[in-house]
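In UniProt numbering, the protein residues as written are 1 to 332.
Some notes on the structure that comes next.
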């Protein structure tokens, strides 16, 4: 509710201005300055976060960028300056180029398989099914497990000649445990494990977005003669757009940084068939002690993530972020 005193100071277009200072030459000021107490509160709450960000994010990036310019084993101070040779070595290495290809395959599979399955389950569990709360918990439960726990679990289940899943597959005439040892199938097996771990997260995101859509829109679509598929395609799917776009973003960034689950499942093998950039970085940094080269790989990973995030936000998420800022401005 607006008070009369504020209305009396409204300028052209309804813009509120402060009254001019006393005497001739008074200048009208618009907007508000932060109060001193508010500035102090912001400083108190932001300073620890900024310090942690500088120490745990920016400082490691700077150190890694510096180390990537040297041939360094991680002991002592870097001395053998080689410039960009570590970067040219990375892109000339067939193993690292294979890592890039594996990441691209996992990203495509995630966008084509994992996210649609999660969306389909979300739409199904939004229906008035008996026991749907239990189903939601069951489907979301794998996401609660850590990546290492998930990898160890699948190693035990599909352990050759010992695992329960391997025994069942052999009884059915298949050999599920061998897919982790076959260079032609190991990457797809890793993708299935990753999908089992993360599809519950995207399902919950889609389910929350679906429940936020007013029921009146569905009723209006049915009244206009739309069937279930038409109502989903023309009403539900466009309104799920922001959630779909942020899910794609999370999936791509997560795939670029995929490490622990692959390391425990396969170690990047056999013969580098399931290796990712992070696994290669770990191998060279902590197994072969080529820290300069491993730092170059980490910088490449960082730049890939940063460039994708900036382009994606600029092109795809721009409308969503502008809408959020507009809503915040209206609320103020």
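Using N, Cα and C, we set each Cβ at its ideal position, and we do this for glycine too.
Worksheet item: Where does residue 81 sit, in a helix, a strand or coil, going by DSSP?
Response: strand
Practice prompt. Using alpha carbons as the reference points, say which of 193, 209 and 270 lies closest to residue 334.
Written response: There is no way to answer for residue 334, as the model of the chain reaches only from 1 to 332.
Practice prompt. Ignore the nearest five residues each way along the sequence and tell me which others in residue 196's own chain have a CB closer than 7 Å to its CB.
Written response: 142
Fill in: Cβ-Cβ distance between residue 295 and residue 67 below 7 Å
yes
Item to complete: Kindly give me the distance between the Cβ atoms of residue 262 and residue 190, rounded to whole angstroms, as I take these residues to be in contact under 8 Å.
Response: 6 Å
Item to complete: Determine the contact status of residue 312 and residue 249, defining contact as a CB-CB distance below 7 Å.
Response: yes
Practice prompt. With a 10 Å radius around its C-beta and 16 neighbouring C-beta atoms as the bar for buried, classify residue 81 as buried or exposed.
Written response: exposed
Fill in: Touching by the beta-carbon criterion (3+ pairs, under 8 Å), the region 235-247 and the region 275-285
no
Discussion item. Please give me, in chain order, every unbroken run of the alpha helix (DSSP H) with length at least 4 that falls completely inside the region 174-245.
Written reply: 186-211, 215-223 and 228-231
Item to complete: Spell out the partners DSSP gives residue 70 in its beta bridges.
Response: 81
Worksheet item: By DSSP, does residue 288 sit in helix, in strand, or in coil?
Response: Judged by DSSP in its simplified three-state form, residue 288 adopts coil rather than helix or strand.
Worksheet item: Leaving out five residues before and five after residue 64 in sequence, what residues of the same chain have Cβ atoms less than 7 Å from its Cβ?
Response: 295, 298 and 299
Worksheet item: Which ranges does the alpha helix (DSSP H) cover as unbroken runs of at least 4 residues, wholly within the region 83-170, from first to last along the chain?
Response: 85-92, 94-109, 115-125, 132-144 and 147-157
Item to complete: Identify whether residue 268 lies in helix, strand or coil by the three-state DSSP scheme.
Response: In the structure shown, the three-state DSSP call for residue 268 is coil.
Discussion item. Tell me the rounded alpha-carbon separation between residue 115 and residue 41.
Written reply: 42 Å
Worksheet item: Where does residue 254 fall in DSSP's three states?
Response: helix
Practice prompt. Give every residue of the same chain whose Cβ lies closer than 8 Å to the Cβ of residue 271, excluding the five residues on either side of it in the sequence, and list them in chain order.
Written response: 183
Worksheet entry | Three-state secondary structure assigned by DSSP to residue 307 | helix
Item to complete: Would you identify the three-state DSSP class for residue 47, choosing helix, strand or coil?
Response: helix
Worksheet item: Residues in its own chain within less than 7 Å of residue 291 by CB, not counting five upstream and five downstream?
Response: 67, 72, 73, 74 and 285
Worksheet item: For residue 232 versus residue 117, is the C-beta spacing smaller than 7 Å?
Response: no
Worksheet item: By Cβ distance, which residues of its chain are closer than 7 Å to residue 343, with the 5 residues on each side in sequence left out?
Response: Because the chain is modelled from 1 through 332, residue 343 falls outside the range shown and cannot be assessed.
Worksheet entry | Nonlocal neighbours in the same chain, by C-beta distance under 6 Å from residue 246, ignoring five residues either side | none
Item to complete: Give a yes or no on whether the C-beta atoms belonging to residue 186 and residue 305 are separated by under 7 Å.
Response: no
Worksheet item: Start and end of the alpha helix (DSSP H) containing residue 278?
Response: 277-282
Practice prompt. Compute the distance between the beta-carbons of residue 210 and residue 133, then report whether it is under 7 Å.
Written response: no
Worksheet entry | Coil, strand or helix - residue 302 by DSSP | helix
Discussion item. Measuring straight from C-alpha to C-alpha, what distance separates residue 120 and residue 167?
Written reply: Distance between the alpha carbons of residue 120 and residue 167 is about 31 Å.
Worksheet item: Could you give the distance in angstroms between the alpha-carbon of residue 77 and the alpha-carbon of residue 62?
Response: Rounded to the nearest angstrom, the two C-alpha atoms are 15 Å apart.
Worksheet item: Applying the criterion that 16 or more other CB atoms from any shown protein chain within 10 Å of the CB defines a buried residue, is residue 180 buried or exposed?
Response: buried
Worksheet item: What number of angstroms, rounded off, separates the C-alpha of residue 242 from the C-alpha of residue 316?
Response: 9 Å
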